[in-house]
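Report on the following structure.
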Amino acid sequence: MNKNKKEQIDQITENIIERNMVDIMNERFGRYSKYIIQQRAIPDSRDGLKPVQRRILYSMWNLKLRNKEPFKKSARIVGDVIGRYHPHGDSSIYEALVRMAQEWKSNYPLIEMHGNKGSIDDDPAAAMRYTESRLEKISELMLKDLDRKVVAMAPNFDDSEYEPVVLPTLFPNLLINGAKGIAAGFATEIPPHNLGEVIDATIAMIKNPIISIPSLLKIVKGPDFPTGGIINGTDGIEKALETGQGKIMLSSQYQYVKNKKDEIIGIEIKEIPFGVVKSKLVADIDSIAIDKIISGIKEVRDESDRSGISIYLDLEEDSSPEAIMTYLMNKTDLRISYNYNMVAIDNNAPCLLNLQTALFSYLTHLKEINTNGIKFDLQKYKLRLEIVEGFIKVAEISDEVIKVIKNSDNSKRGVIEALIRVFNFTELQATAIAELRLYKLSRMDQIEFQNEKTILEENIQKCNLLLNDQYEFNKFLIKQLLEIKKEYAKPRKTQITEEKIKTDVDHKLLAKNEDFYFFISKEGYIKKINLKIFNANQISNYKLKENDILQYYDKINSLSKIIFFTNLGNFFILEAHILKDNGWKELGTHISTFVSLESNEHVIRVMEIVSFDSYIEIILISKYGFAKKVKINDFDSKLSAKKRRCMSFKNNDDELVDAKIANNEKSIFIILNNGGYYFIDESVFNSTLDLKAQGIKLFSKLQTKDKIFISAFAMCSPFNSLLMITADGYGKKWRIQDIESVQRWGRGSRLYNVLNKVDCKPMHLEVISDSLEFLYTNSNNEICHFDLNKFDHDSSRIDKLIKLNYDFQNPGALIQPIKINELKDLNFYEQENSKVKFLEIENASKNNKNFIFDTQTTLCQRYYINNFGSSEDQSQQSESPDDEDEIALFAENEIKLEPKRSFEEKMEAMNHINVDSLIEKVKEIKKK
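Residues 20 to 947 in my numbering are what the sequence shown lists, from first letter to last.
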């Protein structure tokens, strides 16, 4: 190391100061915070400007860029601001300049710009070398009094010249144009207000300095945004203007477009909320329409031009315009919440202002600059009067004055001293006379100066009156404000209404009424497949994730709700219409997109519900024998896709086995993991319980320590046959009437004997029906049909299990879709106080579906595929009545049964219904 380097290191070591880092950070960040609060992000309460804005306007004033002067390149202005007042980046200065020229961000833009200044679509402005700028006319009200020295001046960053501390603005810019900024520990959000209203409020404060905020609120109705819109409710406005903080709801302005038949065919959005990017709003609405989140919107077009905003929604026939707009208001930026936070620099410190304090700060500034201006004028008039009086005196003795000037020495100072000595002129008078040319001295018009003296004396008297008489001074301020209002005030753009915001949306009005196929896999992948795609593909090549299996699929309606039950006793509901269409080869949407499940939680049952306002009841049974019946309307909730509890467990090992629709005509077949079973009547449930209840104990014999528990259960009648499949792929098929009935508190009977080294735990227990299609997933992840005809009913020997020769991926891969009509509320109707109740589905197939209803006096049957046409193929079926309930109503008159008839008697009576007669009666009524 050479000697010079060693000396440098020693010098550096000597200059190291050891200090605590916390102390350094506190000190330095405090100074930094103060700087960005006062010098960057927060506006001054007097002129409503941030430092960079003030410097831009002052620089343009010095460059003579008045409103009637030619434009200059924006780059020239930015360069002048950087070089003289604001030593920061050119991009930030240009952005501030452009912001003051954008009419959708300010009620009164302060700068007029030629060229691309951006757009409400958030398009960037053209580069500063292309655009040209000059001051707007209203900006001159902020700058014209600078020459009168009405505000303090401070040195610029290099002390080479001076700049104003605040501009002498004559109008309340802070409230008129608003402000927005984020500093260290402070932020401001001040909306624009109407100039006419704010000036009226200022005048009211001049007349009554202690005017209350409620009185001011009668004048200033609320914000007036440059983009218009509608403010919903006045409570938020009142709170915000009283405290300086608050929230208001700002909605778009729209109108319905009608055709010649007075039918609504479209919606035109004419105004959008302040600060909303129009292009993003259009994209969001278009995305909702394209993704079919709601139906009814055919096309979204942005037809905006220079005349204003126009977003057109082309509607489909039979759509619900009001429901569409309510949904879009809630889900897009067609309605926003605007948060007041009226922070501004007042007395060199950030302060939270309300309407009263903001007006007071502006009014104090207005009085100060006018007082200073009057004093400046008074001094100017006095000086001129002194000079004019000297000129009048000269006019009387011009020859003597000329003679004295000629006899004095040749210096200006000598002339001044001679005039003072000989004629007793003042210093100011002598100087003014000495500066005159000789020919003017000889031709002075005494009358002209006498007239000027009179005017000056009147002006001096007026100035003294304004300075000494508060009443006259207030009249002067009011006149000044009224002149500004007359020239610049505009009608209010933003409407204020007391109309309450509609948040509840009937999603059935927004969803397209259509059927689709719904799929869910064991790992929770959900798919929505439209009928066209489903019919064009084979179920065998349905796309699944590796080692995943299909758990459930069925055709459901888009207006329905889908309820999911999980093994941990929870449930959640999805609106069918919110599901997005999937392709056949897509994996689908994971259920975690809608709801969060535990790692050990999975869906065990899926149901489609048309309406929760029905008599349907659900039976829930747990692993260790707790059960309860719950009303379907208890599951109804506005909190869609929110997981909630439907059954509580005291034992942590307990879990929900299944959920089934209750029916008083059926019994419950329960099968245990050891091959035992119970066959009990549904009447064990004396009443329904709430969702949080654990339920009643079905069997005292089930104990956790014995490791015996319920594996599955099914709702069945004596005429049903059941199919069971075990964990190791063994199966059993039997008729209910062939086995012994075992009641609730009995010891139970054995359905089959457990085989050695075989897992005989039941995986599936299903009621066999011709309408049900059994499928399974094989080891190649292909979906195959499960042929029920391959094994017959068992004989009276109930202990026999049959090994099923199917290539199961695993025995849990069996799928049994639940038919739609088992789960829907079947359009209950009332006839003479007789409630119709869904009772049973029997002998259903693809060609004939029979629906049985039970009333107080009768039993009736509905045929709707062969006899009345199908929604899938109306063209090939006979004429169908509009309301299927009419068919049930006519059937009610065909047979009269005692209300306490047995189920078997009712079934027998069903066979005697004359369906042809029913059809004819329906047609006759239709003709009438």
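Glycine residues also receive a C-beta, built at the ideal position from the N, C-alpha and C atoms. Small disclaimer: the values here were computed from a predicted structure and weren't measured.
Nearest to Val169 by alpha-carbon distance, out of Ile393, Leu598, Asn619 and Ile466, is Ile393. Rounded to the nearest whole angstrom, the C-alpha separation of Glu801 and Glu565 is 11 Å.
Under DSSP, Met782 shares a beta bridge with no residue.
The Cβ atoms of Ile610 and Gln570 do not sit closer than 8 Å to each other. In the DSSP annotation of this structure, Trp603 is not part of any beta strand (DSSP E), being labelled neither H nor E.
In this structure, Gln72 is the residue among Glu88, Thr207 and Gln72 with its C-alpha nearest to the C-alpha of Pro183. By the CB criterion at 8 Å, Ile474 and Lys401 fall outside the cutoff.
Per DSSP, the continuous alpha helix (DSSP H) segment holding Phe492 begins and ends at Gln489 to Tyr507. Note that the C-beta distance between Val407 and Val423 is not below 8 Å.
In the structure shown, Thr473 adopts helical secondary structure according to DSSP, grouped into three states.
Judged by their CB atoms, Lys662 and Val614 are nearer to each other than the 8 Å cut-off. Annotation: Ile558 is outside any alpha helix (DSSP H) and is labelled neither H nor E by DSSP.
Within its own chain, the residues whose Cβ lies closer than 7 Å to the Cβ of Gly644, once the five positions on either side in sequence are excluded, are Lys716, Leu717, Phe718, Leu721 and Ile729, listed in chain order. Gly433: member of the alpha helix (DSSP H) spanning Lys431 to Phe442, first to last residue.
Per the coordinates, the alpha-carbon of Leu500 lies some 11 Å from the alpha-carbon of Leu160. For the pair Glu594 and Ile581, the Cα-to-Cα distance works out to about 6 Å. Pairing Lys512 with Gly255 gives a Cβ-Cβ distance that is not under 8 Å. When secondary structure is reduced to three states using DSSP, Val184 falls in the coil class, being assigned neither helix nor strand. Between the alpha carbons of Leu784 and Met344 lies a gap of roughly 47 Å. Proximity of the segment 324-338 to the segment 279-290 meets the contact definition, three or more beta-carbon pairs being nearer than 8 Å.
A distance below 8 Å between beta-carbons, with the five flanking residues on each side excluded, links Glu605 to the following residues of its chain, in chain order: Lys546 and Lys562. Each residue's CA atom was taken as its position, placing Trp603 and Asn799 some 18 Å apart. The C-alpha of Asp826 lies about 53 Å from the C-alpha of Pro340. Classified as buried, Ser78 has 16 or more neighbouring CB atoms from the shown chains inside 10 Å of its CB. For Pro369, no alpha helix (DSSP H) segment is defined; the enclosing uninterrupted segment is the beta strand (DSSP E) at Ala368 to Leu371.
Between the segment 264-276 and the segment 314-326 there are fewer than three C-beta pairs closer than 8 Å, too few to call the two in contact. Val169 carries a coil assignment under DSSP once its states are collapsed to helix, strand and coil. In the DSSP assignment, the residues bridged to Asn797 are Phe827. DSSP links Cys803 through a beta bridge to Tyr795.
Here Tyr77 carries a helix assignment [DSSP, helix/strand/coil]. By a beta-carbon distance limit of 8 Å, Thr262 contacts Asn373. Their separation comes to about 6 Å.
One Cα belongs to Val301, the other to Leu193, and the distance between them is close to 31 Å. Runs of the beta strand (DSSP E) spanning 3 or more residues and lying entirely within the segment 236-323 occur at 249-251, 264-270, 272-277, 283-290 and 316-321, in chain order. Counting other Cβ atoms within 10 Å of its Cβ, Gln448 reaches 16 or more and is therefore classed as buried. The Cβ atoms of Ile439 and Gly409 lie no closer than 8 Å to each other. In the structure shown, Asn682 adopts coil according to DSSP, grouped into three states.
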